[in-house]
Amino acid sequence: MKMRKFLALFFLPLLAFATVSDWETLQIDSRTSISFPLTPEKTRDNMWSIVSGNAKYMMRIEDLEKRGVDSASLASIVRQPNVLDAFSKGFLTDEGSSILSKKISTWNGYTVFDYVFNPGKNSQYQKLYAKLIFVGVKTYAPAVFVNDEKLSQGNREKFFNSFRLN
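In the numbering used here, each residue's number is its place in the sequence shown (first place is 1) plus 10.
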């Protein structure tokens with residue numbers, strides 16, 4: 011009898027944790043998906059977000075063809091000097107916001123802009139991690155706002171690594 015109580019006390023918390031750790035995969039469009047820690051809310055036609063724990067997870071898709079940009083033009087634009095700074099302006103909207111780090115990388119052969127921002131004085135979060143992934147004429151922008159970098163690091167990486175292109 012004592013052994014059953016011990017096992018119950020030991021395994022029940024593990025079962026609860028396993029349930030909490032299940033993530034929701036969202037099909038963004040016909041080609042892409044990403045997983046969120048909870049079911050995200052569609053906040054605009056092209057944006058989804060959810061607050062979970064000490065972080066806010068967001069995904070945005072932008073079809074630049076609607077703005078008259080074709081894939082060849084976009085490929086040329088992302089190779090220009092200072093383009094990393096130009097694209098960051100959309101994130102620097104609050105007083106005191108700034109770029110903490112930036113780099114250009116590739117993912118599956120596609121250009122990716124990686125940023126870390128101080129989101130500014132009026133933000134309830136301490137940092138913003140954002141990526142811009144350029145695929146044809148579309149830009150996919152997963153982002154995570156965090157308050158405690160150490161607590162959110164594993165989930166932040168899981169979120170970014172869950173992005174899939176079919």
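Here a beta-carbon is modelled for each residue, glycine too, at the ideal position from N, C-alpha and C.
Look at the alpha carbon of residue i and the alpha carbon of residue j, and state the distance between them as a whole number of angstroms.
i	j	result
Tyr125	Leu110	8 Å
Leu48	Ala65	12 Å
Asn132	Val93	27 Å
Pro152	Ser40	17 Å
Asn157	Arg166	12 Å
Lys76	Asn56	13 Å
Arg54	Met69	11 Å
Leu74	Ser172	23 Å
Between the options, which has its C-alpha nearest residue i's C-alpha?
i	options	result
Val88	Trp33, Leu175, Lys148, Tyr135	Lys148
Phe144	Ile38, Glu72, Glu159	Glu72
Phe155	Leu142, Gly78, Pro129	Pro129
Is it right to say residue i is buried, meaning 16 or more other beta carbons lie within 10 angstroms of its own, or is it exposed?
i	result
Pro8	Summary: the structure shown does not reach residue 8, with the chain confined to residues 11 through 176, and so no result is reported for it.
Lys137	buried
Ile114	exposed
My understanding is that residue i touches residue j, with C-beta atoms under 8 Å, so please give their C-beta distance in whole angstroms.
i	j	result
Ala97	Phe123	Note that residue 97 is Phe in the sequence shown here, rather than Ala. Confirmed, about 6 Å.
For this session: Report the residue ranges of all beta strand (DSSP E) runs contained in full by the region 34–67; include only those spanning at least 3 residues, in chain order.
Result: Within the region 34–67, the runs of beta strand (DSSP E) that reach at least 3 residues and sit entirely inside it are, in chain order, 34–37, 42–46, 51–54, 57–62.
Exercise. Hey, which unbroken runs of the beta strand (DSSP E) at 3 residues or more fall wholly within the region 121–169?
Worked result: List check, beta strand (DSSP E) in window: 137–145, 148–156.
Exercise. In the region 62–98, which residue ranges form an unbroken beta strand (DSSP E) of at least 3 residues, counting only runs that do not cross its ends?
Worked result: 65–73
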